[in-house]
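Comments concern the structure below.
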Amino acid sequence: MEKLELKGHRLSVLCLDHSSSVGSTRSRSSSKQSSNAAPVTGPSFLLSGSEDGTARLWDLRSRHAALCIVAPAEVGSSTPPEVTSVAFHPIDLGGGSIESQGEYARRATVYLGVESNVYGYDLRYATGPIVRGRCDHDLSGVLESEDEINRLAFSPAGLEHRVHVAAADDAGDVRVTDMAPARRQQRVKIDHRRRCRVLQHGDGGSAMATCAAFRPRSTGLDLASGGTDCAVSLWDVSRPKRPLSTVKITTDNVGAGQVCNPPMVFDVTWSPSGRLLVAGLGDGTASVLSVRGRNLYETFRIRGGHSSSIASVIFPRFGCDSSSHVAANDRLLISAGSDCNLMLWDLGSEVAGKHAVDPSTWLEGCSSPKSNNDHATVEGKMADLGLKELTVDSPRKLFGIPHEKKMNHLTSSGSNDILLPSTLFVADTTKDITAYILARQ
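Count along the sequence shown starting at 1, add 196, and that's the number in my numbering.
Structure representation (structure tokens):
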């Protein structure tokens with residue numbers, strides 16, 4: 197495993213996203229071209245947001261920031277506003293070569309959560325290394341968030357080239373709109389009369405909505421939310437009045453760290469197939485939930501990896517490339533804890549399904565399932581999963597990575613990334629970003 201650092205921010209880095217989240221999506225005009233034409237592929241960029249009031253787009257070839265976006269500040273304020281969430285728009289807009297658009301242009305559109313505001317920047321029109329002033333798409337008046345935004349999430353790009361963006365905030369709401377432009381134009385007039393949909397995760401404003409994530413490969417527009425009320429909810433965005441299903445996470449009494457800390461939900465992540473949802477909890481455990489019909493069920497709890505809260509969980513975008521099955525990469529989970537440890541988990545075939553590939557067959561550093569006694573503790577509806585006892589196919593810890601600093605957020609590149617493939621990017625309480633390049637067999 198190789199480790200490197202990206203330096204440029206002046207204060208702690210709070211959030212990350214990698215352009216692996218951008219699909220290889222054709223525009224309407226390119227869809228009329230010959231079927232033999234090469235598909236439009238997204239660039240390879242890392243995006244970060246910081247307490248220093250900036251977001252930075254990193255050139256991973258030089259390991260330096262290519263662009264610095266200065267977030268708008270309140271008039272008269274002497275302190276920069278924190279950039280608490282960043283996200284790439286999931287549609288690659290294309291629109292000609294970068295060279296034809298200027299030295300600093302980058303083919304990407306990014307969105308920032310800044311206090312209670314959401315700003316979008318079309319970086320094809322960047323004219324210098326520092327982007328400041330007016331943004332291209334201001335969604336603040338559409339979303340009308342009443343408190344600080346904790347997480348931005350985009351829905352997968354659909355055939356109609358319309359996506360939804362969700363903002364989870366401290367007021368306990370997840371606000372969703374489809375007004376994030378996906379057309380080839382520099383300025384788009386936002387219709388502020390068009391109301392967004394408000395999903396009230398916190399009951400009566402008693403809890404914060406800390407995270408939200410759209411379900412991949414869903415026939416509808418399903419979204420999961422989590423919050424400080426120790427609950428995970430599944431929503432149909434087209435019917436926002438009440439959730440389809442809500443699971444209240446119970447207090448875990450195993451271990452000293454769990455006794456003192458309630459299982460607040462700090463992060464949620466969907467498996468690539470959309471069958472599993474994992475919640476990182478304040479008691480240092482992770483709850484794995486399954487979807488049956490349109491209901492969520494907590495199937496088991498992962499313990500034994502962290503001694504304090506889990507800040508971020510991801511199913512990494514790199515994985516097994518020997519199988520094209522939608523569930524092939526449902527087994528590998530990565531968690532980041534406030535105890536300064538990264539943990540890599542194998543959820544096992546009994547949970548992830550027979551089509552999911554054992555990560556120890558392609559990822560170096562994993563212990564053999566037959567010799568590993570450090571299985572994750574399984575609880576809950578074991579009878580429904582057939583987990584009457586622990587086997588070599590039960591959830592287990594693959595290995596840990598000591599990070600030394602309390603972590604804020606994780607993201608990853610894809611396995612076919614041309615610059616830094618199979619890389620885990622970590623934002624922590626320092627001003628630097630750490631990249632771990634994992635070795636493959």
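Here a beta-carbon is modelled for each residue, glycine too, at the ideal position from N, C-alpha and C. All of these numbers come straight from a predicted model, not from anything done at the bench.
Open item on the list: Would you call the region 272-281 in contact with the region 323-330, where contact means no fewer than 3 C-beta pairs closer than 8 Å?
Closed with: Judged by Cβ distances under 8 Å, the region 272-281 makes no contact with the region 323-330, as fewer than three pairs qualify.
- [ ] Just the C-alpha distance for residue 641 and residue 272, rounded to the nearest angstrom, thanks.
- [x] Here the chain covers residues 197 to 637 and nothing more, so residue 641 does not appear.
- [ ] Please state whether DSSP places residue 337 in a helix, a strand or coil.
- [x] Looking at residue 337 - three-state DSSP - the assignment turns out to be helix.
TODO: May I have the straight-line CA-CA distance separating residue 349 from residue 307, to the nearest angstrom?
DONE: Roughly 10 Å separates the two Cα atoms.
Open item on the list: To the nearest angstrom, how far is the alpha carbon of residue 593 from that of residue 275?
Closed with: Each residue's Cα considered, the two are about 42 Å apart.
Task: CB contact check: residue 558 to chain C, cutoff 7 Å - done: The chain inventory of the structure shown lacks chain C, comprising one protein chain alone.
Task: Segments assigned alpha helix (DSSP H), at least 4 residues, entirely inside the region 482-559 - done: Complete alpha helix (DSSP H) runs here, min 4: 545-548.
TODO: Can you grab the Cα-Cα spacing for the pair residue 377 / residue 358, in whole Å?
DONE: So the two alpha carbons sit approximately 8 Å from each other.
- [ ] Under the assumption that residue 511 contacts residue 468 (Cβ atoms under 8 Å), give the Cβ distance between them as a whole number of angstroms.
- [x] Contact flag correct, Cβ pair sits at about 6 Å.
Task: Whether residue 422 touches residue 406 by CB criterion (7 Å) - done: Taking a C-beta distance under 7 Å as the contact criterion, residue 422 and residue 406 qualify as a contact pair.
- [ ] Determine the direct distance from the alpha carbon of residue 298 to that of residue 475, and round the result to whole angstroms.
- [x] Rounded to the nearest angstrom, the two C-alpha atoms are 42 Å apart.
Open item on the list: Helix, strand or coil, according to DSSP, for residue 319 in the structure here?
Closed with: Reduced to three states, the DSSP call for residue 319 is helix.
- [ ] Label residue 629 either buried or exposed according to how many other C-beta atoms from any shown protein chain fall within 10 Å of its C-beta, with 16 as the threshold for buried.
- [x] With 16 or more Cβ atoms within 10 Å of its Cβ, residue 629 is classed as buried.
Open item on the list: So the candidates are 549, 636, 612, 623; which of them puts its Cα closest to the Cα of residue 216?
Closed with: Its Cα nearest to that of residue 216, the residue 612 stands out among 549, 636, 612, 623.
Task: Proximity of residue 252 and residue 244 at Cβ, strictly below 7 Å - done: Yes, these two residues count as a Cβ contact at 7 Å.
Open item on the list: Quick check: the Cα distance between residue 621 and residue 489, rounded to an integer number of angstroms?
Closed with: Using only the alpha carbons, I get a separation of about 34 Å.
Task: Simplified DSSP state of residue 619, which is helix, strand or coil - done: Taken through DSSP and simplified to helix, strand or coil, residue 619 comes out as strand.
Open item on the list: Between the alpha carbons of residue 267 and residue 210, how many angstroms are there, rounded?
Closed with: For residue 267 and residue 210, the gap between their C-alpha atoms comes out near 14 Å.
Task: Three-state class that DSSP yields for residue 608 in the structure shown - done: It is a strand residue.
Open item on the list: Checking 7 Å against the spacing of the C-beta atoms, do residue 531 and residue 506 come in under that value?
Closed with: Taking 7 Å as the cut-off, the Cβ atoms of residue 531 and residue 506 count as close.
Task: For residue 477 and residue 462, the rounded distance between their alpha carbons - done: Put simply, the backbone Cα of residue 462 is about 6 Å away from that of residue 477.
Open item on the list: With a threshold of 6 Å on Cβ separation, who are the neighbours of residue 596 within its own chain once the five nearest residues in sequence on each side are excluded?
Closed with: Its chain contains 537, 539 as the residues whose beta carbon lies nearer than 6 Å to that of residue 596, once the 5 sequence neighbours on both sides are disregarded; these appear in chain order.
- [ ] Consult DSSP for residue 215 and reduce its assignment to one of helix, strand or coil.
- [x] Note: residue 215 maps to helix in three-state DSSP.
TODO: Look at the alpha carbon of residue 418 and the alpha carbon of residue 473, and state the distance between them as a whole number of angstroms.
DONE: So the alpha carbons of these two residues sit roughly 12 Å apart.
Open item on the list: For residue 492, which residues in the same chain have their Cβ closer than 6 Å to its Cβ, ignoring the five residues on either side in sequence?
Closed with: Closer than 6 Å at the Cβ level, and outside the excluded window around residue 492, lie 430, 441, 443, 485.
Open item on the list: Tell me which residues share the same chain as residue 373 and place their Cβ nearer than 8 Å to its Cβ, disregarding the 5 neighbours each side in the sequence.
Closed with: Result list for residue 373: 335, 338, 339, 360, 361, 390, 392, 393, in chain order.
Task: Backbone secondary structure at residue 365 - three-state DSSP - done: It is a strand residue.
- [ ] Could you tell me how far apart the beta carbons of residue 403 and residue 369 are, in whole angstroms, since I believe they sit closer than 8 Å?
- [x] Here residue 403 is actually not in contact with residue 369; their C-beta atoms are around 10 Å apart, not less than 8 Å.
- [ ] Using alpha carbons as the reference points, say which of 502, 548, 558 lies closest to residue 534.
- [x] The shortest Cα separation from residue 534 among 502, 548, 558 belongs to 502.
Open item on the list: So, with DSSP's three-state summary, where would you put residue 255?
Closed with: In the structure shown, residue 255 sits in a strand (DSSP, three-state: E or B).
Open item on the list: So, at 6 Å on beta carbons, what are the nonlocal neighbours of residue 631 in its own chain, with the 5 sequence-adjacent residues on each side left out?
Closed with: The answer, listed in chain order, is 200, 619, 621.
Task: In DSSP terms, what residue 304 is bridged to - done: None; residue 304 has no bridge partner.
- [ ] Within the same chain, show all residues whose beta-carbon is closer than 8 Å to that of residue 312, passing over the 5 residues directly before and after it, in chain order.
- [x] Contacts found: 336, 341, 342, 343, 344, 345, 365.
Task: residue 407, DSSP secondary structure in three states - done: Secondary structure at residue 407: strand, using DSSP grouped into helix, strand and coil.
- [ ] Might you give, ordered along the chain, the residues of its own chain that have their beta carbon closer than 6 Å to the beta carbon of residue 205, omitting 5 neighbours on each side?
- [x] Excluding sequence neighbours, residue 205 sits near 246, 248, 627.
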